[in-house]
Amino acid sequence: MIEVKHLTKIYNGGVKAVDDISFTIEPGKIYGFLGPNGAGKSTTMNIITGYLAATSGTVTINGFDIYRDAKKAKACIGYLPEQPPLYQELTPREYLEICAGLKHVPKAKRAAQIKDAVKRTGLEKMQDRLIRSLSKGYKQRVGLAQALIGDPDIIILDEPTVGLDPIQIIEIRDLIKSLKKKHTVILSSHILSEIEEICDSIIIIDKGRLKANNSTENIGNARDREVLLMTVRGKQAAARSVILGAAGDKVKIGFRESAEPGCIDIKLEHEAGLDLREELSYAFAMARIPVLAMSKSNVSLEDVFIEYTTGGKSDEPTADAGAGPGGPAEDKPGEAPEENAAAPGADAGREEDDQ
Amino acid sequence: MSSIYKKEMKILFSGMMGFIFIALMLVVVGIFMRVYNLGGAYSLSNFEYSLNGGIWAYLVVVPVLTMRAMAEETRSRTDQLLFTSPVSMAEIVLGKYLAMLTVVGVPCLLFCLYPMLYSAYGEVNFATAYAGILAYFLLGAMLISIGLFVSTLTDSQIIAAVITFAVVLMGLLMSSIISLVESSSFASLAVFTAIAALLMLLVKIMTKSWPAALIAAGVLEAAVLVIFFVDSTILETALTSMLGAVAVFQMLEGILYDGLVDLTVYFYFISVTVLFLFLSVQSLEKRRWS
């Protein structure tokens, strides 16, 4: 269990990377640490693991203060930093042996633990090559194996799937899910679908401040608006008048050139629980505007994330996010559906309707 | 600590690096042995004379050996592994230090055989020979601790190597510099003023506070000025004795050449070593807070 209380970190240059963050990590769950670049994710992780000292605030790991009881606290944590801390001139086997020594794994257990970590990360064939000559994906695995050595209660992974190929990503995700049985896992990622898939709980931070801390389910439900995506053949003005005729002012409309020539993509945002699909399809049919695709988009974590990090939405860590939704940022009508650079890989839900 | 030591040894000796350092020290001393001990013009049985030539090996070995100690870890971010493992900062520093000390220790151990070999062919004063080897080793130990400290200050191996090289070189040249320095109170005043200015810059860089820097420099400069105007004779020898205090190779030479086993020199080497190991730990601690 990790308790973070009023954590603040101000770097030498006066940059406030983390600003009064408090949260508690319960055992046996997978936590997703979410935030745009420079939000303070890595800084927070570096403080929790004892690599950096906080300017103020405390971190306790299983009851041990990371600063005062550093050795005991650090013994509870396995950490894979953003850049795996590898010694290029060693082989994975030698490297893991050294890690086992650093983590005070008893000599009798070392061989078995190393073998286990190698097996779980799929490094069997690579363990006697120099780390220098391994590909990025395998280096990442060696770093992950290092975090598993010592069988720590808590495993902290800073962007564990960066640089891996799709098959490796699935393997690593399955590995992380399997860790849940025995460990508490915290992982950070930019890939929202990944967080949504593996994490039980999500912590969103932005500009060093905690924006949300709740279960994945609750954060997904935190929306009060739903999105309808359509692709129609025709002109923007005609489509707009059809929609206004059918739905009036209940929707916010966004247009974008479709990938298909002569077509437009439409994004309609409306209140949750409102289903306009039938009315719209009839209305478009009456106006002889062919609807090529229409789908009700489950508001993905991506939208919630954007809402939290750009729209100023914020809830207290203890508040039930599902019960008290704040309004999302007002979109200007007629604006193209936003393509947010902060959320790569997560727009699949939107793009698949553009056939 | 032992796992850090093992790791460093593995990295030093998995390639050629460690072996090259050992070979270099043996070769440099070996060349002087050929000249002083093995035939040639001298044919002396005093191994310490050869060892005095061997001090040049430190000029290359120490900067190159110590430059990667912390700088490389910082650059490749492997320090994250060390600092998040359940080991203390002091253990990290000591583990690294002892590994580098081993590299210098191996040739010194081999040197211990030489006087015994010589004794088969002539008379050897074992006391001065071994006292000399010990002093030589301790000087190396001290220089390595300085190099390690410099390496904690930067993430660039080149910068670490250049600074350490400059430090060792200054140590080597100090005896010549002292003989060039004018023994006048005015020269001392000028040099101490320059030192006060340097101190000011240093404090400014370290604390980022001008008042602290100005106070530090001001106190030193005021003290020097007061001494200069009250009794300027004190300053006449101040400069040379200050430089003499850092002329470490000259101290070693006293033991190796003159056979005067001065215990204060041993004590000096050990204390400076401890000081710089302590500073290295502090420097690493400080990084976590910046």
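Sequences listed follow chains A and B, in order.
Mapping of the first sequence onto my numbering: position 200 corresponds to residue 200, and the numbering continues sequentially without gaps.
Mapping of the second sequence onto my numbering: position 49 corresponds to residue 49, and the numbering continues sequentially without gaps.
Even for Gly, the Cβ is constructed at its ideal location relative to N, Cα and C.
Buried or exposed: residue i, going by 16 or more other Cβ atoms within 10 Å of its Cβ?
| i | result |
| --- | --- |
| residue 219 of chain B | exposed |
| residue 290 of chain A | exposed |
| residue 121 of chain B | exposed |
| residue 237 of chain A | exposed |
| residue 288 of chain A | exposed |
| residue 329 of chain A | Caution is warranted here: a pLDDT of 37 is assigned to residue 329 of chain A, below 50, making its placement in the model unreliable, and the coordinate value is therefore given only provisionally. Exposed, because fewer than 16 other Cβ atoms sit within 10 Å of the Cβ of residue 329 of chain A. |
| residue 258 of chain A | buried |
| residue 152 of chain B | buried |
| residue 152 of chain A | buried |
| residue 214 of chain A | buried |
| residue 12 of chain A | exposed |
| residue 6 of chain A | exposed |
| residue 230 of chain A | buried |
| residue 146 of chain B | buried |
| residue 282 of chain A | exposed |
| residue 9 of chain A | buried |
| residue 274 of chain A | exposed |
| residue 34 of chain B | exposed |
| residue 19 of chain B | exposed |
Taking 8 Å as the CB-CB cut-off, is residue i touching chain A?
| i | result |
| --- | --- |
| residue 281 of chain B | no |
| residue 18 of chain B | no |
| residue 157 of chain B | no |
| residue 250 of chain B | no |
| residue 10 of chain B | yes |
| residue 211 of chain B | no |
| residue 75 of chain B | no |
| residue 288 of chain B | yes |
| residue 165 of chain B | no |
| residue 83 of chain B | yes |
Hey, does residue i have any beta-carbon neighbour from chain B nearer than 8 Å?
| i | result |
| --- | --- |
| residue 12 of chain A | yes |
| residue 94 of chain A | yes |
| residue 86 of chain A | yes |
| residue 113 of chain A | no |
| residue 296 of chain A | no |
| residue 98 of chain A | yes |
| residue 102 of chain A | yes |
| residue 90 of chain A | yes |
| residue 127 of chain A | no |
| residue 49 of chain A | yes |
| residue 52 of chain A | yes |
| residue 17 of chain A | no |
| residue 79 of chain A | yes |
| residue 83 of chain A | yes |
| residue 5 of chain A | no |
| residue 75 of chain A | yes |
| residue 107 of chain A | no |
| residue 211 of chain A | no |
DSSP state of residue i, grouped into three classes?
| i | result |
| --- | --- |
| residue 233 of chain A | strand |
| residue 294 of chain A | strand |
| residue 185 of chain A | strand |
| residue 363 of chain A | In this structure chain A extends from 1 to 355, so residue 363 of chain A is not present and cannot be described. |
| residue 31 of chain A | strand |
| residue 66 of chain A | coil |
| residue 108 of chain B | helix |
| residue 265 of chain A | strand |
| residue 256 of chain A | strand |
| residue 288 of chain A | coil |
| residue 91 of chain B | helix |
| residue 218 of chain A | helix |
| residue 201 of chain A | strand |
| residue 232 of chain B | coil |
What alpha helix (DSSP H) runs, 4 residues minimum, are completely inside the segment 19-88 of chain B?
47-75, 79-84
Should the segment 111-118 of chain B be regarded as contacting the segment 234-247 of chain B, the criterion being three or more beta carbon pairs within less than 8 Å?
no
Given 8 Å, three or more beta-carbon pairs between the segment 146-157 of chain A and the segment 180-192 of chain A
yes
Would the segment 69-80 of chain A and the segment 77-91 of chain B be scored as touching if the rule is three or more Cβ pairs under 8 Å?
yes
May I have a chain-ordered list of the alpha helix (DSSP H) segments no shorter than 4 residues that lie completely inside the segment 79-125 of chain A?
92-102, 107-120
Touching by the beta-carbon criterion (3+ pairs, under 8 Å), the segment 140-155 of chain B and the segment 67-82 of chain B
yes
Would you check if there are 3 or more beta carbon pairs closer than 8 Å linking the segment 92-104 of chain B to the segment 188-201 of chain B?
no
Within the segment 135-186 of chain B, ranges of the alpha helix (DSSP H) (whole runs, at least 4 residues):
With a minimum length of 4 residues, the unbroken runs of alpha helix (DSSP H) contained wholly in the segment 135-186 of chain B fall at 157-180.
Do three or more CB pairs link the segment 255-271 of chain A to the segment 209-218 of chain A at distances below 8 Å?
no
Measuring CB atoms only, is the segment 47-56 of chain A touching the segment 83-102 of chain A, in the sense that at least three cross pairs come out at less than 8 Å?
no
Check whether the segment 154-173 of chain B touches the segment 193-207 of chain B, taking contact to mean three or more Cβ pairs, one atom from each stretch, closer than 8 Å.
Touching, no.
Given 8 Å, three or more beta-carbon pairs between the segment 118-136 of chain B and the segment 44-53 of chain B:
yes
Taking three-plus beta-carbon pairs below 8 Å as touching, is the segment 126-144 of chain A in contact with the segment 161-174 of chain A?
yes
Is the segment 30-40 of chain A close to the segment 110-121 of chain A, with three or more CB pairs under 8 Å?
Contact between the segment 30-40 of chain A and the segment 110-121 of chain A is absent: fewer than three C-beta pairs spanning the two stretches fall below 8 Å.
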